[in-house]
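Below you'll find the structure, written out as structure tokens, and then a few comments.
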Ligand SMILES: C[S@@+](CC[C@H](N)C(=O)[O-])C[C@H]1O[C@@H](n2cnc3c(N)ncnc32)[C@H](O)[C@@H]1O
């Protein structure tokens, strides 16, 4: 895959700060609690582990967490934070699992950073191969918002406070289901840029891709507290098990 949008030594620390300001750090414990339930208290692999926002609290709950990421800068931030998590540089679109895990997970829309359908399918296939027979794959994805684009472009304000303004400028490439965007962070007299290319996916396409590689939907929620996934949801948390493997929880699949 192209590394054009990899997190480098400038964007990695900027990513961490933006994530904190958008409230994602605050929900990391809740995310870890949700994931712990599926890890059997044993082993987990995070795809796109970053600096360990979720992996660290999950490992603090006694789960042996490992992770892959294609950014050395993010892996360095993780290593600075903890020595307990084994993580290595690899592409989540093209990895060969060396062992099997009770849980494989990919959160915070990381999956959409694979900007081609083939890469997304390859990622799901590797995730399935990395699971024990009764293991589960958990993914957190935003519900695509395509409203508001005019002539293929949209600019939106995502945060304003006394000291900071976040403006997101996006271009839509509908044939590829791609959004090319740059988050512009104005603060004092500085402007920081956080560019990315993503391929948005609706949940039904995700289910079809998952079925294609031997995964079936077990549960789907609207948030980490297991709120319902509805027409009003802006994201979903979906839990897949390997086709034919035993049920992992008493909950039935939602829409
Ligand atoms: C949105 S961040 C999420 C980080 C972390 N999972 C979290 O929740 O805070 C996406 C992460 O995925 C990594 N990433 C993006 N594309 C990747 C790829 N193709 N292979 C491996 N890692 C990738 C980035 O370097 C970054 O650390």
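Numbering (my numbering), first residue to last: -1 to 253. Using N, Cα and C, we set each Cβ at its ideal position, and we do this for glycine too. From a predicted model like this one, the values you see are computed outputs, not experimental measurements.
With contacts defined as CB atoms closer than 8 Å, residue 240 and residue 227 fail to qualify as a contacting pair. Taken from the Cβ of residue 34, every heavy atom of ligand 1 lies 7 Å or farther away.
Where residue 189 is concerned, the enclosing beta strand (DSSP E) starts and stops at 188 to 197. Inter-residue distance for residue 87 and residue 182 is about 27 Å (C-alpha atoms, whole angstroms). C-alpha of residue 120 to C-alpha of residue 161: approximately 42 Å in a straight line.
Counting along the chain, the unbroken alpha helix (DSSP H) around residue 79 starts and ends at 70 to 79.
Taking residue 157 as reference, the option from 165, 150, 49 with the minimal CA-CA separation is 165. Short note on residue 196: C-beta not closer than 7 Å to any heavy atom of ligand 1.
Judged by beta-carbon spacing, residue 49 lies within the 8 Å limit of residue 14, meaning their Cβ atoms are closer than that value. Distance from the CA of residue 207 to the CA of residue 122, rounded to the nearest whole angstrom, comes to 8 Å. From the listed residues 150, 232, 187, 163, the smallest Cα separation to residue 169 is found for 150. In the structure shown, the three-state DSSP call for residue 2 is coil. Residue 51 carries a coil assignment under DSSP once its states are collapsed to helix, strand and coil.
Per the C-alpha coordinates, the member of 16, 238, 209 positioned closest to residue 132 is 238.
The closest heavy atom of ligand 1 lies less than 7 Å from the beta carbon of residue 105.
Exclusion of the five residues before and after residue 127 leaves 95 as the residues of its chain whose Cβ lies within less than 7 Å of its Cβ.
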